[in-house]
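Engineer: Adding 341 to a residue's 1-based position in the sequence shown gives its number in our numbering.
By construction, the Cβ of each residue, glycine as well, lies at the ideal position given by its N, Cα and C atoms.
Just so you know, these numbers come straight off a predicted model, no measurement behind them.
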Amino acid sequence: MESSKNLYIVTGFLGSGKTTFLNRWLESFENRPIALVINEFGAVDVDGALFDPSRFDIAKISNGSILCSCRSDRFIEVMESLAKASVTDVIVETSGISDISILGKVLGTINQLTKDAYCYKGLITVADCTRIRKTASVSLPVKSQLAYADYILLNKTDLCTEEETEEVLSFIRRINPLCPIEKTYYGIAKNPKKLLDLEVFRKLPVNMKDVVSPWPDKFTCFFQRKISVDRLEALVDFLISHALRVKGFVDTDEGFRFVDAVPGSVKTSEYKFHDFSFLTVIYEHETPLKLLTKKKGVDLFGPEILKIE
């Protein structure tokens, strides 16, 4: 019988640095044939464009979390297909708001349908040291990402004092006292090959029933033609003052720009080209951000440039 494929799950809240970590970690697999499953909560894929398709088989699942009823069926279909692929390892990058508490149920279904084609190698969670206490205190999905982790990469510690970092470590250990935690920045694991063979913790160590979790929603801003960099910056600054995450590729008068923003951090960089000019916005549902953005778009660009779906 064909040997089972190693299955790794990488998660982390919006803007934690999990895609940066994953791009670096993939080098540890050297020449092993790998498949990536990239889950984007927004309607248009962003993260999938940041990986080299010539190196890996890439499956993209957008418009919802693979660990909820809206997209779990599609995730199961993809994993059934990959069970027949000529790869040794499958790495799944979940969306930033995935609720890991149903992971066991979904993986159980997958292994039943594929006749145990996968060997679960563990969950790696990338946590933003500057924001994890706040987000995990109010969001059940974020807390579950810590509680079920088999390895936690505490990222962006260079942006915190030593005292702040120790407070964050204590906070995480109260949620998951068994899991190893590595302090880092720029998504760099000190010994990435060690993560290929994790010790898997199978039980949820905390009760999370008392956590209030806001309902996230999303929309996509499509740009009908080029815009100025100044107007792009103005729009992103407006959006991130209300949103949880803003990310996408935008065609400007100075070429394409990759935008990656979370509250308190807005990053833009040059990008070669993308088929669409868009921004995906993830926000708390009770905020009337979609309506506000339509009005802001008219103010910045006029009525014909910005289309929101």
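Quick check: the Cα distance between Ile465 and Lys637, rounded to an integer number of angstroms?
Structural biologist: Each residue's Cα considered, the two are about 38 Å apart.
Engineer: Could you check whether Asn517 and Ala490 sit closer than 8 Å to each other, using their CB atoms as the reference points?
Structural biologist: Taking 8 Å as the Cβ cut-off, Ala490 and Asn517 qualify as a contacting pair.
Engineer: Ignore the nearest five residues each way along the sequence and tell me which others in Tyr349's own chain have a CB closer than 6 Å to its CB.
Structural biologist: Answer for Tyr349: Ile432, Lys462, listed in chain order.
Engineer: Any contact between the stretch 607-614 and the stretch 518-537? By contact I mean 3 or more CB pairs, one from each, below 8 Å.
Structural biologist: With the cut-off at 8 Å, the stretch 607-614 and the stretch 518-537 do not touch.
Engineer: Note down, in chain order, each residue of its chain lying with its Cβ closer than 7 Å to the Cβ of Leu647, except the 5 sequence neighbours on either side.
Structural biologist: Same-chain partners within the cutoff: Cys562, Phe564, Gly638.
Engineer: Skipping 5 residues on each side, what residues in its chain have a beta carbon closer than 7 Å to that of Val553?
Structural biologist: Interpretation of Val553 is limited by its pLDDT of 45, a score under 50 that renders its predicted location unreliable; no figure is taken from the coordinates.
Engineer: If you scan the stretch 566-646 from start to end, which runs of the alpha helix (DSSP H) of 4 or more residues do you find wholly inside it?
Structural biologist: Listed in chain order, they are 570-581, 630-642.
Engineer: Contact check, Glu523 vs Leu494 under 8 Å by CB: the rounded distance?
Structural biologist: Their Cβ separation, rounded to whole angstroms, is 5 Å, which keeps Glu523 and Leu494 in contact under 8 Å.
Engineer: According to DSSP, which residues form a beta bridge with Tyr459?
Structural biologist: Lys346.
Engineer: Taking the alpha helix (DSSP H) that Leu510 belongs to, which residues open and close that run?
Structural biologist: 503-516 is the span of the alpha helix (DSSP H), which, as asked, contains Leu510.
Engineer: In angstroms with no decimal places, state the Cα-to-Cα distance between Ile417 and Ser406.
Structural biologist: Roughly 12 Å separates the two Cα atoms.
Engineer: From Val428 to Tyr459, what distance separates their C-alpha atoms?
Structural biologist: Each residue's Cα considered, the two are about 11 Å apart.
Engineer: Could you tell me which residues DSSP pairs with Asn380 in its beta bridges?
Structural biologist: Per DSSP, Ile402.
Engineer: Along the chain, where does the beta strand (DSSP E) that runs through Asp430 open and close?
Structural biologist: Counting along the chain, the beta strand (DSSP E) containing Asp430 begins and ends at 430-434.
Engineer: Measuring only the C-alpha atoms, how far is Arg572 from Val419?
Structural biologist: Those two C-alpha atoms are separated by around 39 Å.
Engineer: Where DSSP assigns a beta bridge to Glu523, which residues make up the other side?
Structural biologist: Its beta-bridge partners are Leu494.
Engineer: Output needed for Arg474: all residues of its chain with C-beta closer than 7 Å, excluding positions within five of it in sequence on either side, in chain order.
Structural biologist: Here the set comprises Val509, Phe512.
Engineer: Do you know how far the Cα of Lys631 is from the Cα of Asp578?
Structural biologist: Each residue's alpha carbon lies about 15 Å from the other.
Engineer: Measure the C-alpha to C-alpha separation of Leu633 and Phe370 and round it to an integer number of angstroms.
Structural biologist: Their Cα atoms are separated by approximately 45 Å.
Engineer: State the beta-bridge partners of Ala530 as determined by DSSP.
Structural biologist: In the DSSP output, where bridge partners are listed per residue, Ala530 has none listed.
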